[in-house]
Amino acid sequence: MITYSAAHRTFILSLNRSSYVLQIDDAGRLRHVHHGVQTTATAPWVEPTPPNLEYDLTDLEFPARGDVVYTEAALRISAVDAADATAPFLSPQLRYEDHEVLPEAAPALAPTHGVAPRETTPRPTLRIRLADSTVGVTVDLFYRITAEHDVLERWVQVHNIGPHPFRIDHLAFASLCLPPGPCELRSLHGTWSRETQLHTQRLGPGVLSWEERGLNTGWRHHPACQLHRPGAASETQGEVYFATLAYGGAWSMRCEHTLLGATHLHLGYATESFALTLAPGASHLTPAVVSGWSNEGWGGASRQLHGFTRDRILPALPGEPWRPVLYNGWEATYFDVAAESQIALARRAADLGVELFCIDDGWFGARRSDRAGLGDWQVSPDCFPDGLRVVADEVHRLGMNFGLWVEPEMVNRDSDLFRQHPDWVLHVPHRASREIRHQLILDLARPDVREHLAAQLHALVAEHSIDFLKWDMNRYVTEPGSVAGRAIWREHIAAVYALMDGLRAAHPHLTIEACSAGGGRVDLGVLSRTDQTWPSDNTDPIDRLAIQDGYSLFYPTRTMSSWVAPSPNHTTGRDTSRSLRLHLAMRGVLGLAENLNELSAAEADQLRTGIAFYKRIRPIVQGGDLHRLDAGLMEPASVWLTTHADQTTAVLSLILPYAPPGTVLPPLRLRALNPDLTYTLSEIDRPDFTTASGAALMTRGIPWVDTVHQPNSNGTLPTPHARTILLQAVS
Ligand code: GLA
């Protein structure tokens, strides 16, 4: 609900468990006054500011350079006409003009594919207009509230209402004011193969700023964070603020903490190389920031975002409530793709219970290695002499969906496409374009490039009856010269989203996995037109444990693809048991990636049984509420408990990366069960091995039964220990 008190010029946005309050002060400035516990108080919140402290005003809802001199601004604009030396920059002083409550509104880059998310009830959206008629600018601030998840989406629209063009030099989609006081920030950082590593730091005075100046979301920094008072939050308790971007183009996140104890967070476009000129009468609408507040700690903040993403972001295909068990042959065959061996793999996969069979890189053009063929999206007759349709038909006959890998944004120099259109790639004059993984980036700001890609992809999906695309993007940008000039930072990702949306609209059964050399493209923008992501190329279960733990901070497991990959691992060389790999992969969307033709009967049985068990736990794993439990004495174990909303089922997943002989699993208290119900506990190969009441499980803890981990029978080093337990209420 959104209310406005005219008497106190106060807006109150009421969500199920939180409120967001704004007030217009005597000078007409929009001040942020509260975000947190529910309130209905409209009484004056803001005191008149003594003139000598104006420059330190830290609660402006959308500070523009011009009003606030010393703190970071969410908007900076300058005059385009350089000849006008008296106005090298413009100083908008944004003042309240009007507001309205809309039944629903959408930010820029909202999906247009027409596949609705699970929940479509309209969400009231507040639009507040701030204006400076002297400079000739208005800024509309939008607030869309999803009350059931306590999530607020915010974005802005800037209009040029003056007679001259102006340039926007910096633009945030939203600016967040935190309550005054010390502040700790949790965020994700990494690199290829080591994505989404959790980093925690206490903010000192100054500005902490991250930017990804690329064409994907990026590996180094992640556009999401949690903030709280130091020491006052844990997995289960405390007030936590969170914010993330529904955008995967060049972005920035700037966090300013002042000596007065104020914390401001600005999320929006990357400032580096940013420029956007607005002609008189023109406007620019931004994508959204998704934010919220929880008083149930980091875990509560994660669950709010997970629920919001599942219900309001992800496309919901009718009849396909859960993501299917996948087979991907990349690590099994690499570029050695051939019809016969793929059909053999598909038959083994179907026999094990796989539901989606995906052929990775190497099926097209001259793509026998990563040096050639990228850009030529025609089936290679060398690999598939009778065409790919034969394989697709066989996969469908076996009862599975059929998927293909593509990397539409790229081209190898050694490709027909590049030979025909050398000018289609991003490049700057008089400088050689650097290749990374032997590839160049297509200039998606060019309409001919976009039309060509759309035609190629539509034909591919239609002709080969494709159900699933793994959409990859394998390099960072260098020499970003484009027909769009500096707008390429926005236009590239807009074109990618439009291509995905167009494909989905034309092929409503199609699903997509977002991949960018592992986890380089994970954000709520891409997730609104895809179904899952590939969080990392690192498939070593020990390394992936931290990657998945970090991922779970912001993204639901329903989107987290995870494979049982070959061992020794191809990235790290580490040998791990298939059991460990299976338990880890069962935390997300399970996939297999071994060469199934080389499995012994016993190994195949292990996977078959694992998949059957996964299908039992999948509705909870993919649709339940995730609680990251305190591992207590078992540090550095990772313990995930996923509970169904009605508390009748739950899945416990324990992974202990190092368990020397003699390791004792201490009782571990569960949460979010019904104390009055009795639960049966089952593991992959131990159906109903014990029963316990919800009360006992939440007070005394889980009865492990087999509590002492034995030394390895083969005398090798102590191995990790993993368990996955299904809890079902006895009716
Ligand atoms: C990237 C992806 C991998 C695989 C290869 C294929 O590295 O992240 O999963 O698809 O490309 O070339």
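The opening residue of the sequence shown carries number 1 in full-length UniProt numbering; numbering runs sequentially from there.
Ideal placement from N, C-alpha and C gives every residue a C-beta, glycine not left out.
Fair warning: this is a prediction, and the values are worked out from it, not measured in the lab.
Any contact of the stretch 458-478 with the stretch 347-364, i.e. 3+ C-beta pairs under 8 Å?
yes
Run through DSSP, which three-state label would Gln-23 get?
As a position in the sequence shown, residue 23 is number 23, starting the count at 1. DSSP places Gln-23 in strand when its eight states are reduced to three.
Burial state of Val-664, where buried means 16 or more other Cβ atoms lie within 10 Å:
As a first step, residue 664 is located in the sequence shown; it is residue number 664 there, counting from the start. Exposed, by the Cβ-count rule.
Per-residue DSSP class, three states only, for Ile-725:
In the sequence shown, counting from the first residue as 1, residue 725 sits at position 725. Three-state DSSP puts Ile-725 in a strand.
Please classify Gln-532 as buried or exposed, where buried requires at least 16 neighbouring CB atoms within 10 angstroms.
The residue you call residue 532 lines up with position 532 of the sequence shown. Gln-532 comes out buried.
Three or more C-beta pairs below 8 Å linking the stretch 668-687 and the stretch 695-702:
yes
How many angstroms separate the CA atom of Asn-714 from the CA atom of Thr-576?
Here residue 714 refers to the residue found at position 714 of the sequence shown. Here residue 576 refers to the residue found at position 576 of the sequence shown. The predicted position of Asn-714 is uncertain, since its pLDDT is 49 and thus under 50; no value can be drawn from it.
CB-CB under 7 Å to Leu-545, same chain, minus the five flanking residues each way: which ones, in chain order?
Your numbering for residue 545 matches position 545 in the sequence shown. Around Leu-545: Leu-584, Ser-638, Ile-655, Pro-657.
Using a 10 Å radius around the Cβ and a threshold of 16 neighbouring Cβ atoms, would you call Thr-716 buried or exposed?
Translated into the one-based positions of the sequence shown, residue 716 becomes position 716. Residue confidence is low: Thr-716 scores 47 on pLDDT, short of 50, so the model does not pin down where it sits. Its coordinate-derived value is still stated next. Under this definition Thr-716 is an exposed residue.
In whole angstroms, what separates the C-alpha of Pro-488 from that of Ala-339?
In the sequence shown, counting from the first residue as 1, residue 488 sits at position 488. In the sequence shown, counting from the first residue as 1, residue 339 sits at position 339. Before going further, note that residue 488 is Ile rather than Pro in the sequence given. Between Ile-488 and Ala-339, the C-alpha separation is close to 39 Å.
Is Gly-300 near ligand 1, judged by its Cβ being under 7 Å from some heavy atom?
The residue given as residue 300 occupies position 300 in the sequence shown. Not so, every heavy atom of ligand 1 lies at least 7 Å from the Cβ.
Measuring straight from C-alpha to C-alpha, what distance separates Ala-484 and Pro-111?
The sequence position of residue 484 within the sequence shown is 484, counting from 1. The sequence position of residue 111 within the sequence shown is 111, counting from 1. Each residue's Cα considered, the two are about 22 Å apart.
Whose CA, out of Leu-499, Pro-422, Phe-62, Gly-66, lies closest to the CA of Glu-451?
Taking the first residue of the sequence shown as position 1, residue 451 is located at position 451. For Glu-451, the nearest C-alpha among the options comes from Leu-499.
Between Arg-144, Ala-6, Leu-314, Trp-155, which has its C-alpha nearest Arg-504's C-alpha?
As a first step, residue 504 is located in the sequence shown; it is residue number 504 there, counting from the start. Nearest C-alpha to Arg-504: Leu-314.
Does Pro-48 pass the burial test, meaning 16 or more other C-beta atoms within 10 Å, or should it be called exposed?
Position 48 of the sequence shown, counted from the first residue, corresponds to residue 48. It counts as exposed.
Length of the line joining the Cα atoms of Thr-10 and Leu-22
Residue mapping note: residue 10 aligns to position 10 of the sequence shown, counting from 1. Residue mapping note: residue 22 aligns to position 22 of the sequence shown, counting from 1. For Thr-10 and Leu-22, the distance between alpha carbons rounds to 6 Å.
Tell me which same chain residues have a C-beta within less than 6 Å of the C-beta of Ala-372, skipping the five on either side of it?
Numbered from its first residue, the sequence shown carries residue 372 at position 372. Excluding sequence neighbours, Ala-372 sits near Ala-366, Asn-412, Asp-414.
Considering only heavy atoms of ligand 1, does any lie closer than 7 Å to the CB of Asn-412?
As a position in the sequence shown, residue 412 is number 412, starting the count at 1. No, since every heavy atom of ligand 1 falls outside the 7 Å radius drawn around the Cβ of Asn-412.
With respect to 7 Å, is the separation between the Cβ of Trp-563 and the closest non-hydrogen atom of ligand 1 below this value?
For this step, residue 563 is matched to residue 563 along the sequence shown. No; taking the cut-off as 7 Å, the Cβ of Trp-563 has no heavy atom of ligand 1 nearer than that.
Simplified DSSP state of Glu-635, which is helix, strand or coil:
Working through the sequence shown from its first residue, we reach residue 635 at position 635. Residue state, collapsed to three classes: coil.
DSSP three-state label for Met-400, please.
In the sequence shown, counting from the first residue as 1, residue 400 sits at position 400. The answer is coil: DSSP assigns Met-400 none of H, G, I, E or B.
How many angstroms separate the CA atom of His-627 from the CA atom of Ala-612?
Working through the sequence shown from its first residue, we reach residue 627 at position 627. Working through the sequence shown from its first residue, we reach residue 612 at position 612. Looking at the two C-alpha atoms, the distance is approximately 24 Å.
Note down the Cα distance separating Leu-726 from Ala-517, rounded to an integer number of angstroms.
Along the sequence shown, read from residue 1 onward, the residue named residue 726 stands at position 726. Along the sequence shown, read from residue 1 onward, the residue named residue 517 stands at position 517. If you take the alpha carbons of Leu-726 and Ala-517, they lie about 34 Å apart.
Less than 8 Å between C-beta atoms, sequence neighbours within five positions excluded: which residues of the same chain meet that for Glu-104?
As a working mapping, residue 104 is identified with position 104 in the sequence shown. Correct list, in chain order: Pro-122, Arg-123, Pro-124, Thr-125, Arg-144.
Cβ-heavy atom distance, Trp-534 to ligand 1, below 7 Å
Looking up residue 534 in the sequence shown gives position 534. Indeed, a heavy atom of ligand 1 lies less than 7 Å from the Cβ.
Between the alpha carbons of Ser-273 and Arg-76, how many angstroms are there, rounded?
As a first step, residue 273 must be located in the sequence shown, where it is residue number 273. As a first step, residue 76 must be located in the sequence shown, where it is residue number 76. Approximately 14 Å, taken between the alpha carbons.
Alpha carbon to alpha carbon, how far is Leu-245 from Phe-554? Give it in angstroms, no decimals.
By 1-based counting over the sequence shown, the position of residue 554 is 554. By 1-based counting over the sequence shown, the position of residue 245 is 245. About 11 Å.
Contained beta strand (DSSP E) runs [length at least 3] in the stretch 583-657, N- to C-terminal order
589-592, 625-629, 638-643, 649-656
Of the residues Phe-173, Tyr-55, Pro-182, Val-337, which one's Cα is nearest the Cα of Leu-404?
For the purposes of this step, residue 404 is identified with residue 404 of the sequence shown, where counting begins at 1. Measuring from the Cα of Leu-404, the nearest candidate turns out to be Val-337.
Could you check what DSSP says for Thr-125 in three-state terms: helix, strand or coil?
As a working mapping, residue 125 is identified with position 125 in the sequence shown. Note: Thr-125 maps to strand in three-state DSSP.
Check this for me: beta carbons of Val-461 and Leu-510, under 8 Å apart or not?
Residue mapping note: residue 461 aligns to position 461 of the sequence shown, counting from 1. Residue mapping note: residue 510 aligns to position 510 of the sequence shown, counting from 1. For Val-461 and Leu-510, yes; Cβs fall inside 8 Å.
Thr-643: buried (16+ other C-beta within 10 angstroms of its C-beta) or exposed?
Within the sequence shown, residue 643 is the residue found at index 643, counting from 1. Label assigned to Thr-643: buried.
DSSP state of Val-449 mapped onto helix, strand, coil:
Residue mapping note: residue 449 aligns to position 449 of the sequence shown, counting from 1. In the structure shown, Val-449 sits in a helix (DSSP, three-state: H, G or I).
DSSP three-state call for Asn-714: helix, strand or coil?
Taking the sequence shown and counting its residues from 1, one reaches residue 714 at position 714. Because the pLDDT of Asn-714 is 49, which lies under 50, any placement of that residue in the model is unreliable, and the number read from its coordinates should be weighed accordingly. Asn-714: coil per DSSP, three-state reduction.
Rounding to the nearest angstrom, what Cα-Cα distance links Arg-660 and Glu-603 in this structure?
To locate residue 660, count along the sequence shown from 1; it is residue 660. To locate residue 603, count along the sequence shown from 1; it is residue 603. Note that residue 660 corresponds to Pro in the displayed sequence, not to Arg. Distance between the alpha carbons of Pro-660 and Glu-603 is about 25 Å.
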